[in-house]
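Structure record follows, encoded as structure tokens.
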Amino acid sequence: RGAAEIGTDYVFSRKPSPAFLAPDAFHPDQVRTDLLATRTVCETYNCPLEYILKDVSTVHYEPQRLFEWARIAMEVVEG
Numbered sequence: 001r002g003a004a005e006i007g008t009d010y011v012f013s014r015k016p017s018p019a020f021l022a023p024d025a026f027h028p029d030q031v032r033t034d035l036l037a038t039r040t041v042c043e044t045y046n047c048p049l050e051y052i053l054k055d056v057s058t059v060h061y062e063p064q065r066l067f068e069w070a071r072i073a074m075e076v077v078e079g
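According to our numbering, the residues represented by the sequence shown are 1 to 79, in order.
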């Protein structure tokens with residue numbers, strides 16, 4: 001609904017859940033699915049989109065999860 005209302009007038013600022021980074025096992029496919037869902041909706045309404053990952057409290061002692069998240073996000077936005 002938000003992307004439909006915003007249209008091209010504003011940027012849809014999405015803050016994905018940092019919970020994808022915290023479990024015992026990191027699941028990149030879940031990150032991709034989550035990010036793609038928002039991109040698809042925004043594309044439907046020609047709405048500009050930005051992702052802001054914030055409020056990360058843990059990466060389960062694996063900081064490489066952040067790099068992997070960023071790589072996936074770039075792949076999603078580049079289509």
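Ideal placement from N, C-alpha and C gives every residue a C-beta, glycine not left out.
This one's a predicted model, so the numbers in the text were calculated from it and none came from an experiment.
Any idea which residues DSSP pairs residue i with across the strands?
| i | result |
| --- | --- |
| L14 | According to the sequence as given, residue 14 is Arg; it is not Leu. Note: R14 sits in a beta bridge opposite Y51. |
Residue j and residue i - do their beta-carbons sit closer together than 7 Å?
| i | j | result |
| --- | --- | --- |
| I72 | R14 | no |
| D55 | P16 | no |
| C47 | F20 | no |
| Y51 | A3 | no |
Tell me, to the nearest whole angstrom, how far the beta carbon of residue i is from that of residue j; I am working on the premise that it is less than 8 Å.
| i | j | result |
| --- | --- | --- |
| L66 | V59 | 6 Å |
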